[in-house]
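Accompanying notes for the structure given below.
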Amino acid sequence: VTFHTGTGTGRHETIVGDKGFFMAGSHVGHDGIIGNGVIVGNNVALGGFAEVADFVNMGGTSAVHQFTRIGKYAFIGGGAPVVGDVIPFGMVDNHGHLHGLNLVGLKRRGFSRETINILRGVYRELFHGDGIFDERFANVTATYGAIPEVRMIIDFIQAGQKRALCLPRHG
């Protein structure tokens, strides 16, 4: 396992949270931020300035592009090339596409059935609804913005600056 230190042009430090599990050959690039309770599989590579939030599970040999953010409770499939920001609770398939929500992780972490159903509806509306994304996003914000778990997704999307969102494969 390797961790690069911060650089003089970045935040000057690499931050790693508590209770993470880093498997053989994993690498955290310079100026990265890794949250608490993260599981990083064998030979996972995190580029410089990557941000991985709490309780993310990353499958072996996945690779995360520099400046990419991965939201809380996300799951990254083995071998996935992650080049876009992954929403909280998102699940990325081994081709690097958003492939729904990390339902197994949500259940294991004790989220209620009601909350999971709301998150599923929000996901469907945001990524598979009618109209343009900005309109769907505004509707989700107005309708579900008071729900803390949905607010996490809203805030994550609004905070994005460096990378586009990781999106589902259409077609």
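According to my numbering, the sequence shown is numbered sequentially starting from 975.
Ideal Cβ placement from N, Cα and C applies to all residues, glycine included.
Only a predicted model underlies this, so the values are computations on that prediction, with no experimental measurement involved.
Give the list of continuous alpha helix (DSSP H) stretches no shorter than 4 residues that lie fully inside the region 982-1061.
none
- Give every residue of the same chain whose Cβ lies closer than 6 Å to the Cβ of Val1014, excluding the five residues on either side of it in the sequence, and list them in chain order. Phe996, Ser1000 and Met1032
Exercise. Any contact of the region 1026-1042 with the region 1110-1120, i.e. 3+ C-beta pairs under 8 Å?
Worked result: no
Q) What residue does the alpha helix (DSSP H) around His1102 start on, and which one ends it? A) Arg1087 to His1102
Next on the checklist: Quick check: Ile1090 and Leu1077, are their CB atoms within less than 8 Å of each other?
Outcome noted: Contact flag set, yes.
Open item on the list: Give me the residue from Ala1120, Gly1058, Ile1128 and Leu1020 with the minimum Cα distance to Arg1110.
Closed with: Ile1128
Item to complete: Answer yes or no: do Ser1036 and Gly1052 have a C-beta to C-beta separation smaller than 8 Å?
Response: Taking 8 Å as the cut-off, the Cβ atoms of Ser1036 and Gly1052 count as close.
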